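Engineer:
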Amino acid sequence: MKAVFSQINLKRTKANLLKFSLLLVVALQITSCGSAKKSSYFNEVGNNSFATYFEPLEPILQKNDLLSINITSLNAEVTEMFNLANKSGGAQPTGYLIDQDGYIRFPVLGKIEVSGLTKKELREYIRGELISKKLLMEPIVDIRFMNFKVSVLGEVNQPAVFTIPNEKVTLLEALGMAGDMTIYAQRNNVLLISEEDGIKSTKRIDLTSDELFTSPNYYLKPNDIVYVQPNDRKVRNTSNAAQWFSVILGSLSLAVISISTFK
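Count the sequence shown with the numbering used here and you get residues 1451 to 1713, in order.
This is the structure in structure tokens:
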């Protein structure tokens, strides 16, 4: 009789252990899904299209910007003296540095106040002066940033300062250049730090939302800083829970095997 009861209890124990193991597996999967969702971009984005309601903003020239200003015209000999700053005997071009008063010193034209202008406005001003002073006929003025840089810091795989040759970069491209975010990153709380006319501004960006696609913050400006906030406490807690689930599940599986073996 005792042997019958022992066998019944053994079967019940095995059944209960198996049920509990299945519940732990389900709980572990739910936890893993929650962690994956927190670690991904644009969770709610489906097969949508987004109208762009803004154009990439042309950066405003500021103090300490370094500009390359290249002049071309039909008279190559006269044009050459306006391009001396772009050639420095094989060394790096010196360019035109906007000083602390917001000026550059341009050949023949002298001091030009450029801080607060766009490249287009400065281009039209220089072209107009060259024509009105009869220095060149039909000149072409090309202006580029020599120090268009953005910084990506915090919870990314390769934090660094990046030089952007084509003067156009999106927030997502900058994160890609930094090797993407780590698992410890807060994707819904990315900090963007910008500076204009000596005034710093900060914005919080949620990369789990699709609002970025229609935001003026989609394109970065020169000297922008992207700081990805850490989320190590949440990830650590999730990781510890997963580890405990694994240990318990392994122990229960071993118990089931042992019972089956020694029954």
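Think of the CB as a built atom: it goes at the ideal place given N, C-alpha and C, for glycine as much as any other residue. None of these values were measured; they are calculated from a predicted model.
Can you tell me whether residue 1648 is buried or exposed, with buried defined as 16 or more other CB within 10 angstroms of its CB?
Structural biologist: Position 198 of the sequence shown, counted from the first residue, corresponds to residue 1648. When all chains shown are included, residue 1648 counts as exposed.
Engineer: Please state the DSSP three-state secondary structure of residue 1618.
Structural biologist: The residue labelled residue 1618 in the question sits at position 168 within the sequence shown. Coil, per DSSP.
Engineer: Comparing C-alpha positions only, which one of 1569, 1598, 1602 sits nearest to residue 1592?
Structural biologist: Position 142 of the sequence shown, counting from 1, holds the residue named residue 1592. Of the listed residues, the one whose Cα sits closest to residue 1592 is 1569.
Engineer: Give me, in chain order, the residues of the same chain whose beta-carbon lies closer than 6 Å to that of residue 1601; leave out the 5 immediate sequence neighbours on both sides.
Structural biologist: Within the sequence shown, numbered from 1, the residue matching residue 1601 stands at position 151. Same-chain partners within the cutoff: 1611, 1675.
Engineer: Going by DSSP, what residue range makes up the alpha helix (DSSP H) through residue 1575?
Structural biologist: Stepping through the sequence shown from its first residue, residue 1575 is reached at position 125. Element bounds for residue 1575: 1569-1582.
Engineer: Got a sec, what are the start and stop residues for the alpha helix (DSSP H) residue 1563 sits in?
Structural biologist: Taking the sequence shown and counting its residues from 1, the one referred to as residue 1563 is at position 113. Element bounds for residue 1563: not the alpha helix (DSSP H) but the beta strand (DSSP E), 1560-1563.
Engineer: For residue 1562 and residue 1575, what's the separation of their Cα atoms in angstroms?
Structural biologist: Position 112 of the sequence shown, counting from 1, holds the residue named residue 1562. Position 125 of the sequence shown, counting from 1, holds the residue named residue 1575. Each residue's alpha carbon lies about 9 Å from the other.
Engineer: Measuring CA to CA, which of 1516, 1572, 1521, 1524 is closest to residue 1548?
Structural biologist: Position 98 of the sequence shown, counting from 1, holds the residue named residue 1548. That would be 1516, whose Cα lies nearest to the Cα of residue 1548.
Engineer: Starting from residue 1535, follow the beta strand (DSSP E) in both directions and report where the run begins and ends.
Structural biologist: Looking up residue 1535 in the sequence shown gives position 85. From DSSP, residue 1535 is part of no beta strand (DSSP E); its letter is neither H nor E.
Engineer: Taking a contact to mean a Cβ-Cβ separation below 8 Å, would you say residue 1642 touches residue 1667 in this structure?
Structural biologist: The residue you call residue 1642 lines up with position 192 of the sequence shown. The residue you call residue 1667 lines up with position 217 of the sequence shown. Result yes, Cβ atoms of residue 1642 and residue 1667 sit closer than 8 Å.
Engineer: Go through the stretch 1635-1686 residue by residue and report every complete run of the beta strand (DSSP E) that reaches 3 residues or more, in order.
Structural biologist: Listed in chain order, they are 1635-1646, 1649-1655, 1675-1680.
Engineer: Would you tell me roughly how many angstroms separate the C-alpha atoms of residue 1757 and residue 1511, rounded to the nearest one?
Structural biologist: The requested residue 1757 does not occur in the structure, where the chain is confined to residues 1451 to 1713.
Engineer: Is there a Cβ of chain B sitting closer than 8 Å to that of residue 1674, yes or no?
Structural biologist: Of the protein chains in this structure there is only one, and it is not chain B.
Engineer: For residue 1638 versus residue 1660, is the C-beta spacing smaller than 8 Å?
Structural biologist: Within the sequence shown, residue 1638 is the residue found at index 188, counting from 1. Within the sequence shown, residue 1660 is the residue found at index 210, counting from 1. No. Outside cutoff.
Engineer: Taking 7 Å as the limit between beta carbons, can you name the residues of its chain near residue 1558, skipping five residues before and five after?
Structural biologist: Taking the first residue of the sequence shown as position 1, residue 1558 is located at position 108. Cβ neighbours of residue 1558 beyond the five flanking positions: 1585.
Engineer: Between residue 1534 and residue 1583, what straight-line distance do the alpha-carbon atoms span, to the nearest angstrom?
Structural biologist: Counting from one through the sequence shown, the residue named residue 1534 turns up at place 84. Counting from one through the sequence shown, the residue named residue 1583 turns up at place 133. Looking at the backbone, the Cα of residue 1534 and that of residue 1583 are separated by about 20 Å.
Engineer: Can you look up residue 1629 in the DSSP assignment and give me helix, strand or coil?
Structural biologist: Residue mapping note: residue 1629 aligns to position 179 of the sequence shown, counting from 1. Residue state, collapsed to three classes: coil.
Engineer: When the Cα atoms are used, what is the spatial distance from residue 1634 to residue 1653?
Structural biologist: Here residue 1634 corresponds to residue number 184 of the sequence shown, with the count starting at 1. Here residue 1653 corresponds to residue number 203 of the sequence shown, with the count starting at 1. Between residue 1634 and residue 1653, the C-alpha separation is close to 20 Å.
Engineer: Mind checking whether residue 1571 and residue 1678 have CB atoms under 8 Å apart?
Structural biologist: If you number the sequence shown from 1, residue 1571 lands on position 121. If you number the sequence shown from 1, residue 1678 lands on position 228. With contacts defined as CB atoms closer than 8 Å, residue 1571 and residue 1678 fail to qualify as a contacting pair.
Engineer: Please classify residue 1531: is it buried, with 16 or more other beta-carbons within 10 angstroms of its beta-carbon, or exposed?
Structural biologist: Stepping through the sequence shown from its first residue, residue 1531 is reached at position 81. By the 10 Å Cβ count, residue 1531 comes out exposed.
Engineer: Residue 1672 to residue 1623, Cα distance in whole Å?
Structural biologist: To locate residue 1672, count along the sequence shown from 1; it is residue 222. To locate residue 1623, count along the sequence shown from 1; it is residue 173. About 14 Å.
Engineer: So the candidates are 1626, 1670, 1629; which of them puts its Cα closest to the Cα of residue 1646?
Structural biologist: The count along the sequence shown starts at 1 and reaches residue 1646 at position 196. Of the candidates 1626, 1670, 1629, the one whose C-alpha sits nearest the C-alpha of residue 1646 is 1670.
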